[in-house]
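Q:
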Amino acid sequence: SQQGEEDPQALSIQEGENATMNCSYKTSINNLQWYRQNSGRGLVHLILIRSNEREKHSGRLRVTLDTSKKSSSLLITASRAADTASYFCATDAFSDDKIIFGKGTRLHILP
Amino acid sequence: EPEVTQTPSHQVTQMGQEVILRCVPISNHLYFYWYRQILGQKVEFLVSFYNNEISEKSEIFDDQFSVERPDGSNFTLKIRSTKLEDSAMYFCASSAQGDYGYTFGSGTRLTVV
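Going down the list, the sequences are from chains A and B. Here this note's numbering runs 4 ahead of the position in the first sequence, where the first position is 1. Here this note's numbering runs 85 ahead of the position in the second sequence, where the first position is 1.
1) Measure the Cβ-Cβ separation of B/Ser133 and B/Ser143 and say whether it is below 7 angstroms.
2) Is it the case that the Cβ atoms of B/Cys177 and B/Val89 are separated by a distance below 7 angstroms?
3) Distance, Cα to Cα, A/Asn26 vs A/Asp11?
4) Please determine if the segment 94-108 of chain B and the segment 28-38 of chain A are in contact, where contact requires at least 3 C-beta pairs separated by less than 8 angstroms.
5) Does the distance from the CB of A/Ile51 to the CB of A/Leu65 come in under 7 angstroms?
6) Buried or exposed for B/Ile126, going by 16 or more other Cβ atoms inside 10 Å?
7) Report buried or exposed for B/Lys168, applying the criterion of at least 16 other Cβ atoms within 10 angstroms of its Cβ.
8) Measure the alpha-carbon distance for B/Arg194 versus B/Ile111 and round it to whole angstroms.
9) Can you tell which of B/Tyr116, B/Phe130, B/Ser158 and B/Leu124 has the C-alpha that lies nearest to the C-alpha of B/Glu200?
10) I'd like to know whether the C-beta atoms of A/Gln41 and A/Ile104 end up nearer to each other than 7 angstroms.
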């Protein structure tokens with residue numbers, strides 16, 4: 005299975021601190037994506053990083069990809085209360101026509 | 086910003102009944118997907134659809150499930166005879182190209198009683 009696995013499962017940090025979430029996967033991928041899900045809501049695409057890229061930025065988000073270790077990290081800088089949500093990595097293998105989600109990290113930003 | 090629209094937002098149905106979940110993908114997108122999320126669990130892939138046919142489906146997507154794009158704008162998921170374990174949040178998604186990010190709808194919460 006190419007399924008990504010995030011860690012930690014849950015993370016609580018103070019507002020203003022940086023939050024780092026990690027994702028590991030098992031098979032070769034075409035790209036890796038990160039999504040956010042607020043409680044009971046839909047999934048919001050945050051960022052996509054391709055297998056030939058090592059780092060990507062979008063606003064306060066920084067994603068890294070290490071294909072040799074089959075891992076990725078999502079860094080949210082200067083966290084805000086509105087960042088409280090679950091964060092999922094999703095992998096897209098070359099031969100597949102789908103993305104597969106990991107179990108997610110529940111991030112809670114404390115005021 | 087373009088959105089994927091899903092209706093209804095909530096559906097309660099009796100076990101054994103048929104349900105149709107509706108989705109309007111983004112108009113210039115070519116790839117369409119259904120996923121589901123049982124409460125508190127991970128998001129699971131059901132089916133992908135491209136060029137008016139299923140391109141991939143999971144083990145969950147058995148004979149009780151079907152998808153259709155009847156009119157070039159709607160994309161529907163039908164469950165023929167619902168079971169209690171079909172209770173979940175069902176998400177529709179679309180993508181301009183298969184290896185781009187997906188845009189998800191807000192989901193339909195299906196409750197089978």
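We put the beta carbon where it would ideally sit given N, CA and C, even for glycine. On a predicted model such as this, the values are computed, not experimentally measured, just so you know.
A: In this structure, then:
1) What you label residue 133 of chain B is simply residue 48 of the second sequence in a count that begins at 1. What you label residue 143 of chain B is simply residue 58 of the second sequence in a count that begins at 1. Result no, Cβ atoms of B/Ser133 and B/Ser143 do not sit closer than 7 angstroms.
2) In the second sequence, the residue the question calls residue 177 of chain B occupies position 92. In the second sequence, the residue the question calls residue 89 of chain B occupies position 4. Between B/Cys177 and B/Val89, the C-beta spacing is below 7 angstroms.
3) Stepping through the first sequence from its first residue, residue 26 of chain A is reached at position 22. Stepping through the first sequence from its first residue, residue 11 of chain A is reached at position 7. So the alpha carbons of these two residues sit roughly 5 angstroms apart.
4) Cβ pair count under 8 angstroms is below three, so no.
5) Position 47 of the first sequence, counted from the start, is the residue given in the question as residue 51 of chain A. Position 61 of the first sequence, counted from the start, is the residue given in the question as residue 65 of chain A. Result yes, Cβ atoms of A/Ile51 and A/Leu65 sit closer than 7 angstroms.
6) In the second sequence, residue 126 of chain B corresponds to position 41, counting from 1. It is Gln, not Ile, that sits at residue 126 of chain B in the sequence shown. That one is exposed.
7) Your numbering for residue 168 of chain B matches position 83 in the second sequence. B/Lys168 comes out exposed.
8) Residue mapping note: residue 194 of chain B aligns to position 109 of the second sequence, counting from 1. Residue mapping note: residue 111 of chain B aligns to position 26 of the second sequence, counting from 1. Answer to the nearest angstrom: the Cα atoms are 21 angstroms apart.
9) Since the first residue of chain B shown is 86 and the last is 198, residue 200 of chain B is not available in this structure.
10) The residue labelled residue 41 of chain A in the question sits at position 37 within the first sequence. The residue labelled residue 104 of chain A in the question sits at position 100 within the first sequence. Cβ distance not < 7 angstroms, so A/Gln41 and A/Ile104 don't count as in contact.
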